[in-house]
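In terms of the UniProt record's numbering, the sequence shown has 289 at position 289, counting the first letter as 1, and numbering is strictly consecutive. All C-beta atoms in this analysis are idealised placements derived from N, C-alpha and C, irrespective of residue type, glycine included. Accompanying notes for the structure given below.
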Amino acid sequence: MRKIELLAPAKNLETGIAAINYGADAVYIGAPKFGARAAVGNTLEDIGELIKYAHQYWAKVFITMNTILYDNELKEAEALIHQLYKLGADALIVQDMGILEMDLPPIELHASTQTHNFDLERIQFLEKAGFKRIILARELSLEQIKEIRANTSVDLEYFVNGALCVCLSGQCYFSHAITGRSANRGECSQACRMKYNLEDADGNILAKDQHLLSLKDLNLSNEITDIVNAGICSLKIEGRLKDISYIKNITSHYSEKLDAAIHHNKELERASSGHTKVNFKPDPERTFNRGFTSYFFKGRIPEIANFFSPKSLGKEVGKIIAVRKDHFLVKSKYPLHNGDGLCFFNKNKLLKGIQVNGVKGDKIYPNDMSMICDGVTLYRNNDHEFAKELKQDKSTRKIAIDILLEQVENQISLQITDENGVSASNCLSESFELAKNEEMAQANITKQLSKLGDSIYDLNTIRLNLQNTPFIQAKILNELRRKTLDDLTSNRIELAQKEETRPLITHPKYYADKITYMGNVSNCKAEDFYKKCGVENIEKAFELQKNFDGKTIMITKHCLRYEFGKCPKKMKSIGDKPGPLYLVDNNRKYSLEFNCQRCEMKVVLMPK
1 MRKIELLAPA
11 KNLETGIAAI
21 NYGADAVYIG
31 APKFGARAAV
41 GNTLEDIGEL
51 IKYAHQYWAK
61 VFITMNTILY
71 DNELKEAEAL
81 IHQLYKLGAD
91 ALIVQDMGIL
101 EMDLPPIELH
111 ASTQTHNFDL
121 ERIQFLEKAG
131 FKRIILAREL
141 SLEQIKEIRA
151 NTSVDLEYFV
161 NGALCVCLSG
171 QCYFSHAITG
181 RSANRGECSQ
191 ACRMKYNLED
201 ADGNILAKDQ
211 HLLSLKDLNL
221 SNEITDIVNA
231 GICSLKIEGR
241 LKDISYIKNI
251 TSHYSEKLDA
261 AIHHNKELER
271 ASSGHTKVNF
281 KPDPERTFNR
291 GFTSYFFKGR
301 IPEIANFFSP
311 KSLGKEVGKI
321 IAVRKDHFLV
331 KSKYPLHNGD
341 GLCFFNKNKL
351 LKGIQVNGVK
361 GDKIYPNDMS
371 MICDGVTLYR
381 NNDHEFAKEL
391 KQDKSTRKIA
401 IDILLEQVEN
411 QISLQITDEN
421 GVSASNCLSE
431 SFELAKNEEM
441 AQANITKQLS
451 KLGDSIYDLN
461 TIRLNLQNTP
471 FIQAKILNEL
481 RRKTLDDLTS
491 NRIELAQKEE
501 TRPLITHPKY
511 YADKITYMGN
521 VSNCKAEDFY
531 KKCGVENIEK
541 AFELQKNFDG
551 KTIMITKHCL
561 RYEFGKCPKK
571 MKSIGDKPGP
581 LYLVDNNRKY
591 SLEFNCQRCE
601 MKVVLMPK
């Protein structure tokens, strides 16, 4: 059986536990330092608690330490890795190759998407270097994934939902170039979500004050079967900055989708144990989203970006069909409620938001009528009732168990076996009087043993195999049940521990004779690693340089020529060959360069 994993993000301990409860087979969470979301580091104590909770379900916890490191941080990072290993962390997600030159404990290493896992030769190199798993670039298509799978044996992980970085991961220096905040250090200022003008060589403005680099969010809900069949072992949800409601909704949604895919393929199974029955209908559109795209999964498609807003749109709910003095009329197939947040694009394509103060049939009374436009499409970006549902839902994950109480010689034995075949048993040695009312005594035994309370277990069957039914006090039965369940949980956690095999770090021949600043070599150990792989010409990381003028600060598959109908492959004659294009903001001008062979766009920082 091939195990398939749903991997969810954890902002903190609370969201990590929620991710497990709502169907994740694994979670990834930031270490106290050196994670690519610097704002959400976690204490070792909380990480340890999350690991213990997850391992009850045979779910895993991966720790992100996927920033580049400076020389003065190497010792601290190495000590932290050893601490995480002692806590029972299942894997470390890393970007910096200097980590491979450290004195590592036998912890599994995953190559972060920040290591730029787009080209097959890069992925093959990382596999040979000793990584257990490669987290693939979001830009890869289904056909490219199949090719990678056919030419590698390493575990492959792939994003299925969440925010998209417009740049090829690990290759973005935009934020550091203009603010000094490095994306490769977990401090991205999100320059891609800002407004820009698009100009030609003559200064003509083709687009003014638009969010030209702001992508919609990824949603591959309908592609899960194809992704799994292509050889992906882990389906990854983005969102280590998202709140607990988002985690509940999105994790539940993809857990249902994955269960459906596995139901039709008997060679697959979930990577962890247990089941969750939620009391709401998951719907990705009803929590934070910028509109959805399948990105490049089935090839290049138009409108992967939303040029008019980087904010959450939510779910399309209808149209305004008439405007009155203090209310408007809406045509909607969804009920609207007091407290809902609605938004729409006005005639100038600006996103406007209102709050619903009252609803009477199709009449909506907002907090502000000044912005209302007849005929516009309405989106609900704050679903008040759904948010309440998510907040109130306290679903927990349960593992099915079978209980057997029987007489073994002169002892009463309780054995509990879970859905994975893990067992625990305990005996009562004392003598018990025979029950005067056998039927009533058996009913009492069944009742007490069935009281699973807030444990992680759910009763499947209970069986009594008693030659002569004894009378056993409820207090004794309860203590026997509690102890056996505790023993079962301990047995599960013990079995969840991975085999201790030291990662076999090797130094395969690198596929190029030099490494530019895009190799992100920021410390002496990373430099040593690449030199052992045969590279002598190694440029220092972008973050260690002083002059950025003329440097490429972003490489992206998002092409503004294509989006504005100027793709050379689509133009009819040689006379239609497009000229230079530039991005312009209040402070700087950026040249756009196009590699049509690779279908990529570069953003180059021009001198002031």
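Subject >> Contiguous beta strand (DSSP E) assignments of at least 3 residues, all confined to the stretch 389-471 >> reply: 399-408, 411-418, 423-428 and 457-465
Original post:
Which ranges would you report for the beta strand (DSSP E) in the stretch 47-110 if only whole runs of at least 3 residues count?
Top reply: 60-65 and 91-94
Original post:
Going by other Cβ atoms of all chains shown within 10 Å of its Cβ, with 16 needed for buried, is T552 buried or exposed?
Top reply: Stepping through the sequence shown from its first residue, residue 552 is reached at position 552. Taking every protein chain shown into account, the CB of T552 has 16 or more other CB atoms within 10 angstroms, so this residue is buried.
Original post:
If we count the other Cβ atoms within 10 Å of its Cβ and call it buried at 16 or more, is I148 buried or exposed?
Top reply: The count along the sequence shown starts at 1 and reaches residue 148 at position 148. Buried, since its Cβ has 16 or more Cβ neighbours within 10 Å.
**OP:** On the DSSP bridge assignment, give the partners of Y28 in chain order.
**Re:** Here residue 28 refers to the residue found at position 28 of the sequence shown. DSSP, once it has assigned bridges, lists P9 and F62 as partnering Y28.
Subject >> At least three beta-carbon pairs within less than 8 Å, the stretch 175-195 to the stretch 333-347 >> reply: no
Original post:
How would you write the range of the alpha helix (DSSP H) that I148 sits in, first residue to last?
Top reply: Start at 1 with the first residue of the sequence shown, and residue 148 comes out as number 148. Where I148 is concerned, the enclosing alpha helix (DSSP H) stretches over L142 to A150.
Original post:
What residue range is occupied by the uninterrupted alpha helix (DSSP H) comprising L495?
Top reply: By one-based count along the sequence shown, residue 495 stands at place 495. A474 to A496 is the span of the alpha helix (DSSP H), which, as asked, contains L495.
Original post:
So, do the stretch 128-136 and the stretch 501-514 have three or more beta carbon pairs nearer to each other than 8 Å?
Top reply: yes
**OP:** Pull up the distance between the alpha-carbon of T287 and that of C343, whole angstroms please.
**Re:** Translated into the one-based positions of the sequence shown, residue 287 becomes position 287. Translated into the one-based positions of the sequence shown, residue 343 becomes position 343. In a straight line, the C-alpha of T287 is about 14 Å away from that of C343.
Subject >> Through-space distance from P105 to V94, alpha-carbon basis >> reply: By 1-based counting over the sequence shown, the position of residue 94 is 94. By 1-based counting over the sequence shown, the position of residue 105 is 105. Their backbone Cα atoms lie some 14 Å apart in a straight line.
Original post:
Going by the beta-carbon positions, is the gap between V27 and A39 smaller than 8 Å?
Top reply: Within the sequence shown, the letter at position 27 stands for residue 27. Within the sequence shown, the letter at position 39 stands for residue 39. Contact flag unset, no.
Original post:
Which stretch, first to last residue, makes up the alpha helix (DSSP H) that contains N249?
Top reply: Your numbering for residue 249 matches position 249 in the sequence shown. Looking at the DSSP string, the run of the alpha helix (DSSP H) that includes N249 is I244 to H263.
Original post:
Which one or two residues does DSSP pair with K315 in a beta bridge?
Top reply: Taking the first residue of the sequence shown as position 1, residue 315 is located at position 315. Bridge partners of K315: R380.
Original post:
Of all the beta strand (DSSP E) runs that stay within the bounds of the stretch 204-231, which reach a length of 3 or more residues?
Top reply: 205-210 and 217-219
**OP:** Find out if the Cβ-Cβ distance for the pair G353, G339 is shorter than 8 Å.
**Re:** Translated into positions along the sequence shown, residue 353 becomes position 353. Translated into positions along the sequence shown, residue 339 becomes position 339. Not closer than 8 Å, so no.
Original post:
Taking three-plus beta-carbon pairs below 8 Å as touching, is the stretch 458-469 in contact with the stretch 50-70?
Top reply: no
Subject >> Contacting residues, own chain, Cβ-Cβ under 8 Å from I224 (five flanking each side not counted) >> reply: Residue numbering aside, residue 224 sits at position 224 when the sequence shown is read from its first letter. Excluding residues within five positions, the ones whose Cβ falls inside 8 Å are V160, L235, Y254, K257, L258, A260 and A261.
Original post:
What's the call for Q392, buried or exposed, on a 16-neighbour Cβ count within 10 Å?
Top reply: By 1-based counting over the sequence shown, the position of residue 392 is 392. Burial call: exposed.
**OP:** Have a look at G375, E101, E73 and N357 and flag the residue whose alpha-carbon is nearest the alpha-carbon of residue 609.
**Re:** Since the first residue shown for the chain is 1 and the last is 608, residue 609 is missing from the structure and cannot be characterised.
Subject >> For residue 612, the first and last residue of its enclosing beta strand (DSSP E) >> reply: The structure shown does not extend to residue 612, since the chain is modelled only from 1 to 608, so the question has no answer here.
Original post:
Can you tell me the Cα-Cα spacing of E479 and N491, whole angstroms?
Top reply: As a working mapping, residue 479 is identified with position 479 in the sequence shown. As a working mapping, residue 491 is identified with position 491 in the sequence shown. Rounded to the nearest angstrom, the two C-alpha atoms are 18 Å apart.
Original post:
How big is the Cα-Cα spacing for A207 and I81?
Top reply: What you label residue 207 is simply residue 207 of the sequence shown in a count that begins at 1. What you label residue 81 is simply residue 81 of the sequence shown in a count that begins at 1. So the two alpha carbons sit approximately 48 Å from each other.
**OP:** In the DSSP assignment, find the unbroken alpha helix (DSSP H) run with T179 in it and report its ends.
**Re:** For the purposes of this step, residue 179 is taken as residue 179 along the sequence shown, with counting starting at 1. Looking at the DSSP string, the run of the alpha helix (DSSP H) that includes T179 is F174 to T179.
**OP:** Less than 8 Å between the CB atoms is what I'm expecting for E409 and P470, so what's the real figure, rounded?
**Re:** Position 409 of the sequence shown, counting from 1, holds the residue named residue 409. Position 470 of the sequence shown, counting from 1, holds the residue named residue 470. So it is not a contact: roughly 14 Å between Cβ atoms.
Original post:
Can you list, in chain order, the residues of its chain whose CB lies under 8 Å from that of Q171, leaving out five sequence neighbours each side?
Top reply: Counting from 1 along the sequence shown, the entry for residue 171 is found at position 171. For Q171, where only same-chain residues beyond five positions count, the Cβ hits under 8 Å are H116, M518, M554 and I555.
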